[in-house]
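In the working numbering, the protein residues as written are 966 to 1199.
Just so you know, even glycine gets a beta-carbon here, dropped at the ideal spot from N, CA and C.
Right, one structure below, let's go through it.
Printed below as a string of structure tokens:
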């Protein structure tokens, strides 16, 4: 693929990262190959580039972060559950482009990727970051991700890169029957007295499968930490 870049040291660092993710439990070979291909350092400030191939979330400005590669891989693997490595995801909607890294990984495992960012400087930054990679199946949009992208719906897969108290209804409506949505959601745990005052808010991954027009199956998965999901644009 023309996506890789950055010389042999970068190639080795990406391969080592993919190997660490494999030892950590990621099994989807297509996801691992995408992680080993996308040059994560291109999506970071030069001062952070040396940390690009560590399994760490890093700041990208505007109170946002680039997700840990292990979390990116895990979420995409959950969307791809049951697919053979040669079989791509179909139409994927990403909520929260950020710097564009996860969108680039998605573009290597899916037929078509649509990604929305609500913070204009980040949308512009992602466009600049992705330009050199020449990914013809990736379309970036500036807008309110909580509204989804009705003009391109329905989607076979939807992935959220920010955590809300619940998954927006508009996104559930834009998921096709048989489709999967993966999102971090905030979960309020009650205090010692059983009330939710002074509650601790944690986050967990939620997998939603649309079984029929009106039936959605939800599976709560592991604890995660993401930036908050917000409406509107800035």
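- Per DSSP, reduced to three states, the secondary structure at residue 994 is helical.
- A straight-line Cα-Cα distance of about 8 Å links residue 1196 and residue 1083.
- Beta-bridge partners assigned by DSSP to residue 1147: 1124, 1172.
- Residue 1190 sits in coil when the DSSP states are folded into three classes, being neither helix nor strand.
- By the criterion of a C-beta distance shorter than 6 Å, residue 1146 is surrounded in its chain by 1123, 1140, 1173, once the five residues flanking it on both sides are discounted.
- In this structure, residue 1081 lies away from residue 1038, with their beta-carbon atoms at least 8 Å apart.
- Every unbroken stretch of the beta strand (DSSP E) spanning 3 or more residues and falling wholly within the stretch 1084–1125 is given here in chain order: 1103–1107, 1120–1125.
- Between the stretch 1089–1097 and the stretch 1129–1140 there are fewer than three inter-stretch CB-CB distances shorter than 8 Å, so the stretches are not counted as touching.
- Residue 1114 is positioned such that its CB atom lies closer than 8 Å to that of residue 1058.
- Taking 8 Å as the cut-off, the beta carbon of residue 1025 is found no closer than this to the beta carbon of residue 1061.
- Residue 1165 and residue 1193 have their C-alpha atoms spaced approximately 15 Å apart.
- Judged by DSSP secondary structure, residue 976 falls within the alpha helix (DSSP H) whose first and last residues are 972–988.
- Around the beta-carbon of residue 972, fewer than 16 other beta-carbon atoms lie within 10 Å, marking it exposed.
- Residue range 1023–1026 is occupied by the beta strand (DSSP E) that includes residue 1024.
- In the DSSP assignment, residue 1082 is bridged to 1107.
- Bounds of any alpha helix (DSSP H) do not take in residue 1007, whose DSSP letter is neither H nor E.
- 974 is the residue among 974, 1027, 1125 whose C-alpha sits nearest the C-alpha of residue 1005.
- DSSP places residue 1072 in the helix class (H, G or I) of the three-state scheme.
- CA-CA distance, residue 993 to residue 1036, rounds to 13 Å.
- Listed as beta-bridge partners of residue 1031 by DSSP are 1023.
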